[in-house]
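A.B. asks:
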DNA sequence: CCTGTGTTCAACCATTTGGTTGAAACACAC
DNA sequence: GTGTGTTTCAACCAAATGGTTGAACACAGG
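Residue numbers (the numbering used here), protein chains in the order written: chain A, -7 to 119; chain B, -7 to 119.
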């Protein structure tokens, strides 16, 4: 799908089974069979899920005899956190600016919606 | 289309266009047409993207005459951050513990990895 | 009323996804 | 070698996704 890693990571974590596998991998590395055990799907399906996680860089696999232990690569979390935090901070700052605007707005103002302005239309809508 | 919100949020942000729209919405609310302008897809496609973001709770829309301004709901970022940080912290702590284990492990040890019973009521030979 | 603007709905299409079964490949033990 | 356990490959399927076009809806302003 989307070529960039961030898209692949988000996409990989959009599946509850895959998120659960990640959560279990924070406790310990595990093999495909071990990972598959709790779920009501075939081992092949889990193998596919792991491929998705691996392609996204969320996990890596090493070889150990006939087993292929799956290991969590925690760094990708930073990638997501960076994206999220960046825009959250922007959004929060924007709300701060919006507060200022609202505070300085007279009550009897013309109700014409201020278009093009970086400001919420405010028809008594959401918080 | 997993039912839970976290899945929907991750899935919604797995698309580059949708992430870009979110990033632009941190600057200011915008209408569908405004949002569609930079992309090489039809307005209808953007409308669909917005529905995905709205169903995930990432944005909300109010009615304003015939326009439907799109507003970013920054709280969902917390949802993701919580999930991510939780497991990242677990993973980091695990690595710390693993270091201890490795330090105290004799060379001639059985190569079976020390596993800590993640959650499944395992019958396997796990420590 | 009619027209124009903004948005969504409906039908359709191609591709991807998440699952299945069955066979194959791999690494070891005997 | 033969077998046994672990993982993947291949083919297939149903459903979801992301896109299109065309029609419909909602409202503002002649």
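No residue lacks a Cβ here, since even glycine has one placed at the ideal position from N, Cα and C. This one's a predicted model, so the numbers in the text were calculated from it and none came from an experiment.
Under 8 angstroms Cβ to Cβ from residue 14/A, same chain only, skipping five residues before and after it: list those, please.
C.D. replies: To locate residue 14/A, count along the first chain from 1; it is residue 22. Taken in chain order, the residues that qualify are 5, 45, 50, 51, 64.
A.B. asks: If contacts are defined as beta-carbon pairs under 8 angstroms, then residue 55/A and residue 23/A qualify, I think. What distance do you get, rounded to the angstrom?
C.D. replies: As a working note, residue 55/A is residue 63 in the first chain. As a working note, residue 23/A is residue 31 in the first chain. That belief does not hold up - the Cβ atoms of residue 55/A and residue 23/A are roughly 11 angstroms apart, past 8 angstroms.
A.B. asks: Say whether chain A places a C-beta atom closer than 9 angstroms to the C-beta of residue 14/B.
C.D. replies: Working through the second chain from its first residue, we reach residue 14/B at position 22. Judged by the 9 angstroms Cβ criterion, residue 14/B is in contact with chain A.
A.B. asks: Could you round the C-beta distance between residue 76/B and residue 69/A to whole angstroms and report it? I think they count as a contact, below 8 angstroms.
C.D. replies: Translated into positions along the second chain, residue 76/B becomes position 84. Translated into positions along the first chain, residue 69/A becomes position 77. Confirmed, Cβ separation roughly 5 angstroms.
A.B. asks: Listing by chain order, which chain A residues have their CB less than 8 angstroms from the CB of residue 58/B?
C.D. replies: Translated into positions along the second chain, residue 58/B becomes position 66. Near residue 58/B there are no residues of chain A at all, since even the closest Cβ is about 12 angstroms away, more than 8 angstroms.
A.B. asks: Tell me where the beta strand (DSSP E) around residue 64/B begins and ends.
C.D. replies: Start at 1 with the first residue of the second chain, and residue 64/B comes out as number 72. Taken as a continuous stretch (DSSP letters only), the beta strand (DSSP E) holding residue 64/B covers 62 to 64.
A.B. asks: So, helix, strand or coil for residue 58/B, using DSSP?
C.D. replies: Here the question's residue 58/B lines up with position 66 in the second chain. Residue state, collapsed to three classes: coil.
A.B. asks: Go to residue 51/A, then tell me how far its beta strand (DSSP E) extends in each direction, as first and last residue.
C.D. replies: Mapped onto the first chain, residue 51/A falls at position 59. For residue 51/A, the enclosing beta strand (DSSP E) starts and ends at 51 to 53.
A.B. asks: Run through the DSSP bridge pairs and tell me what residue 22/B is partnered with.
C.D. replies: The residue labelled residue 22/B in the question sits at position 30 within the second chain. For residue 22/B, which the question treats as bridged, DSSP gives the partners 62/B.
A.B. asks: According to DSSP, simplified to helix, strand and coil, what is residue 47/A?
C.D. replies: As a working note, residue 47/A is residue 55 in the first chain. Residue state, collapsed to three classes: helix.
A.B. asks: Between which two residues does the alpha helix (DSSP H) carrying residue 14/A extend?
C.D. replies: On the first chain, residue 14/A is found 22 positions in, with the first residue counted as 1. Segment 8 to 17, the alpha helix (DSSP H) holding residue 14/A.
A.B. asks: Given residue 31/A, which residues of its chain have a CB within under 7 angstroms of its CB, disregarding the five upstream and five downstream residues?
C.D. replies: For the purposes of this step, residue 31/A is taken as residue 39 along the first chain, with counting starting at 1. Taken in chain order, the residues that qualify are 9, 38.
A.B. asks: Would you call the CB atoms of residue 42/B and residue 53/B closer than 9 angstroms?
C.D. replies: Translated into the one-based positions of the second chain, residue 42/B becomes position 50. Translated into the one-based positions of the second chain, residue 53/B becomes position 61. Yes.
A.B. asks: Quick check: is the beta carbon of residue 3/A nearer than 9 angstroms to any beta carbon in chain B?
C.D. replies: Along the first chain, read from residue 1 onward, the residue named residue 3/A stands at position 11. Yes, because at least one Cβ of chain B sits closer than 9 angstroms to the Cβ of residue 3/A.
A.B. asks: According to the neighbour-count rule (16 or more other Cβ atoms, all chains shown, within 10 Å of its Cβ), is residue 18/A buried or exposed?
C.D. replies: The residue you call residue 18/A lines up with position 26 of the first chain. Counting Cβ neighbours within 10 Å, residue 18/A comes out buried, since at least 16 surround it.
A.B. asks: Say whether chain A places a C-beta atom closer than 9 angstroms to the C-beta of residue 82/B.
C.D. replies: If you number the second chain from 1, residue 82/B lands on position 90. So yes, residue 82/B belongs to the interface.
A.B. asks: Mind pulling the chain A residues with CB within less than 7 angstroms of residue 50/B?
C.D. replies: Taking the second chain and counting its residues from 1, the one referred to as residue 50/B is at position 58. Going along chain A, no residue has its Cβ under 7 angstroms from residue 50/B, so there is no contact; the nearest lies around 11 angstroms.
A.B. asks: Since residue 66/B and residue 84/A should fall inside the 8 angstroms C-beta cutoff, what is the C-beta to C-beta distance between them, to a whole number of angstroms?
C.D. replies: On the second chain, position 74 is the one that residue 66/B refers to. On the first chain, position 92 is the one that residue 84/A refers to. Correct: roughly 7 angstroms between the Cβ atoms.
A.B. asks: Do we get a CB-CB distance below 9 angstroms when we pair residue 24/B with the residues of chain A?
C.D. replies: To locate residue 24/B, count along the second chain from 1; it is residue 32. No, residue 24/B lies away from the interface with chain A (no Cβ there is under 9 angstroms from its Cβ).
A.B. asks: Could you tell me whether the Cβ of residue 28/B comes closer than 9 angstroms to any Cβ of chain A?
C.D. replies: Position 36 of the second chain, counting from 1, holds the residue named residue 28/B. It does not; no Cβ of chain A falls within 9 angstroms.
A.B. asks: Report all residues from its chain with a CB closer than 8 angstroms to the CB of residue 98/A; omit the five preceding and five following residues, and keep chain order.
C.D. replies: For the purposes of this step, residue 98/A is identified with residue 106 of the first chain, where counting begins at 1. Low per-residue confidence applies at residue 98/A: pLDDT is 46, beneath 50, and the placement is therefore not dependable, though the value from the model is reported in the following sentence. Cβ within range, chain order: n/a, list empty.
A.B. asks: Looking only at its own chain, which residues have a Cβ that is under 8 angstroms from the Cβ of residue 21/A, when we skip the five neighbours before and after it?
C.D. replies: Numbered from its first residue, the first chain carries residue 21/A at position 29. Cβ neighbours of residue 21/A beyond the five flanking positions: 61, 62, 63, 64.
A.B. asks: With respect to the alpha helix (DSSP H) encompassing residue 4/B, which residues constitute its N-terminal and C-terminal limits?
C.D. replies: As a first step, residue 4/B is located in the second chain; it is residue number 12 there, counting from the start. Start and end: -3 to 4.
A.B. asks: So, at 8 angstroms on beta carbons, what are the nonlocal neighbours of residue 11/B in its own chain, with the 5 sequence-adjacent residues on each side left out?
C.D. replies: Translated into positions along the second chain, residue 11/B becomes position 19. These residues qualify, in order along the chain: 5.
A.B. asks: Would you mind telling me which residues of chain B sit closer than 9 angstroms to residue 39/A, beta carbon to beta carbon, in chain order?
C.D. replies: Reading the first chain from its first residue, position 47 is the one you call residue 39/A. Ordered by position in chain B, no residue passes the 9 angstroms Cβ test against residue 39/A, which lies about 17 angstroms from the chain.
A.B. asks: Compute the distance between the beta-carbons of residue 48/A and residue 0/A, then report whether it is under 9 angstroms.
C.D. replies: The sequence position of residue 48/A within the first chain is 56, counting from 1. The sequence position of residue 0/A within the first chain is 8, counting from 1. Contact flag set, yes.
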